[in-house]
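I have placed the structure first, in the form of structure tokens, so that the comments after it can refer back to it.
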Amino acid sequence: MATDKDGFSGLHLAVESGDIATVKLLLEAMKAKFTDSGWSQLLEEVKEIALRVNKHMAEFIERWNLPYEKLMKNEAFPLHAAVASGNDEALKNLLQKFSVNEKNAKGETCLHLTAKNGLVNMAKILLENGADLGILSRSKETALDVALMSKNEKVACLLGAEFSQGNQLLLPESTDMNQKLVQNYFY
């Protein structure tokens, strides 16, 4: 594996920069090249970096490596498990059988999870399948609130654009504030 002068790989640097999409791509590409012990060591190293940078990144890395059975045990619904694993195809298949707006024990929909983890493609898939932007978690947060708090600009912009296009009929009172935040939050 190629590293820089300090011994960091592209994966280490992607984790440090907080780019979940690149981290996911690199994890998928690199996994087959390691022994089980080497893979575990690499994941521990990048999780340490992630914990310093972004706790959501550390959670994403931890969940990405879990076997599907453990994901199912940790998540109440199959859609949440598909999002947690980062598997776009599994998500598309499961959307044919399950409600896109199902909530987990925290009251979060899959859209909340994509917002937390910066999974833009999955957020698009969920929106294309009718995900409701106005659903509040038990913490009284919309997916847009979660994206903003997690500093996931691309997901926040996507969700903000959906709000501003008026694609949702019933939105929580905080929607106007959310739109202004998205427009001004990152710029």
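Here my numbering is used: the first residue of the sequence shown is 145, the next is one more, and so on.
Note that CB positions come from ideal geometry on N, CA and C, so glycine has one too.
Quick caveat, the model's predicted, so the values are computed rather than measured.
Here S184 is exposed: its Cβ has fewer than 16 other Cβ atoms, across all protein chains shown, within 10 Å. Residues of the same chain with a CB within less than 6 Å of the CB of L263, apart from the 5 flanking positions on each side, do not exist.
Nearest C-alpha to I269 among L223, E203, A291: L223. Straight across, the Cα-Cα distance linking S283 with A249 is about 11 Å. In the structure shown, R282 falls within a coil segment according to DSSP collapsed to helix, strand and coil. In the three-state reduction of the DSSP assignment, N273 falls in the coil class. Within its own chain, the residues whose Cβ lies closer than 6 Å to the Cβ of L255, once the five positions on either side in sequence are excluded, are L270, A275, A287, listed in chain order. A direct Cα-to-Cα measurement between S281 and K247 gives close to 8 Å. Comparing C-alpha distances from E206 to each of A267, V159, D289, G278 shows the shortest one belongs to V159.
Non-local C-beta neighbours of L155 in its own chain, meaning closer than 8 Å and more than five positions away in sequence, comprise V167, L170, L171, M174, L186, V190, ordered along the chain. When the Cα atoms are used, N265 and E192 turn out to be separated by approximately 26 Å.
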